[in-house]
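Engineer: Input: one structure, supplied below.
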Amino acid sequence: MTRRKHSLIKQVIYVSKPVGFDEEILNSILTLSRFNNEKNQITGALICRSDLYLQYLEGPAHKIDSVYSKIKIDDRHEDVRLLEDGRSRRRLFSNWAMRGEPVKDWIWTEKEVSNGVLERLSGDDAMDIFIKHSREIDQFLS
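Per this note's numbering, numbering of the sequence shown is gapless, rising by one per residue and ending at 1128.
Following this line, the structure appears as structure tokens:
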């Protein structure tokens, strides 16, 4: 019997500020992302509110690079800042082509965001947020 080798997937986390955020724009982003991500073996989560996008993407490196290059020039947001660019053998959101969530109470208030919490956010801090978020989802699905 041969053992199947698990290849590394790429993980990217970025933060940005929405431009003209509303429910229609968010639904458009999520619908298109889910369609494209499923085709490209990309999974992830988008935490969003009118003052921030925090997104985690995981999948084949070349596909993540392609998606992220498009994200950087998307005019529905600005001030895109890459927080994490890593590799892993395990997906955090294996069942979600793109999970869309409002900002959780345990993340930040609008006042904290306006006072610059996003500018101080590290890649490790952002990864911890998504690990916690994925565990909440796992508990809910169990």
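From the three backbone atoms N, C-alpha and C, an ideal C-beta is built for every residue, glycine too.
1) Express the C-alpha separation of residue 1094 and residue 1101 in angstroms, rounding to a whole number.
2) What are the boundary residues of the alpha helix (DSSP H) that residue 1029 is part of?
3) Mind checking residue 1056: buried by the 16 CB within 10 Å criterion, or exposed?
4) Please state if the CB of residue 1054 and the CB of residue 1002 are separated by a distance shorter than 8 angstroms.
5) Could you compute how far the alpha carbon of residue 1110 sits from the alpha carbon of residue 1070?
6) For residue 1074, name the three-state secondary structure that DSSP assigns.
7) So, residue 1062 versus residue 1015, is the Cβ gap smaller than 8 angstroms?
8) Identify, in the order they occur along the chain, each residue of the same chain with its Cβ nearer than 7 angstroms to the Cβ of residue 994, setting aside the five sequence neighbours on each side.
Structural biologist: From the atom records:
1) 11 angstroms
2) Note, residue 1029: premise wrong, no alpha helix (DSSP H); beta strand (DSSP E) at 1029-1035.
3) exposed
4) no
5) 8 angstroms
6) strand
7) yes
8) 1073, 1074 and 1075
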